[in-house]
Each structure stands twice: as C-alpha cells, then as structure tokens.
C-alpha cells in the first residue's frame, strides 16, 4: 500500500519559518500573502494489504515518529496500489 502523510503545526503554535517565507514573498513582490504555515510531507509504502491494518500502523508511525503530537497535527491518505507517488 502507498500512503501520503501530511504533518502541520497546530493552530496557535508560532511558525517562524512560515513567517520568514511570508516576509520574503512580500519582499519579492507577492503582495497579499497574509500567512504561510510550514509543514512536512512523507510518502510511505507499506507491505500491508488490509486497509484497516495499514491505517492503524500509519497512526502509530505518525504519532510516535513523524510528528510531535504536542504541537503538530497529522493526516494521511492511503492510495490504491496502482497510483504512483
């Protein structure tokens, strides 16, 4: 199975990288960009054939390894086997 995982900062958590990017965009002429939030993106291939087992495994991977649950949220999509990442 293939999965796409997105990790983002929780609402209210300061994002200095996003703020720096927003400032840079405004400086080079992209006016009207009011906020940028940084995140992480992962592509993962799993041997699991069962959708529910894959989902449970991904929840553990995201919670224990890919995110800091105190300040970050995560979500993932499990894709059909024939879809290329």
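Numbering (my numbering), first residue to last: 110 to 194.
Cβ atoms here follow ideal geometry from the backbone N, Cα and C, with glycine treated the same way.
Quick caveat: nothing in here was measured; it's all calculated off a predicted structure.
{"Item": "Counted within 10 angstroms of its Cβ, other Cβ atoms place residue 185 as buried (16 or more) or exposed", "Value": "buried"}
{"Item": "Assigned exposure category for residue 110 - 16 Cβ within 10 Å defines buried", "Value": "buried"}
{"Item": "DSSP beta-bridge partners of residue 142", "Value": "DSSP output for residue 142 lists no bridge partner at all."}
{"Item": "Residue 163 burial status per 10 Å Cβ neighbour count (16 or more: buried)", "Value": "buried"}
{"Item": "Exposure of residue 77, with buried meaning 16 or more beta-carbon neighbours within 10 Å", "Value": "Since the first and last residues shown for the chain are 110 and 194, residue 77 lies out of range."}
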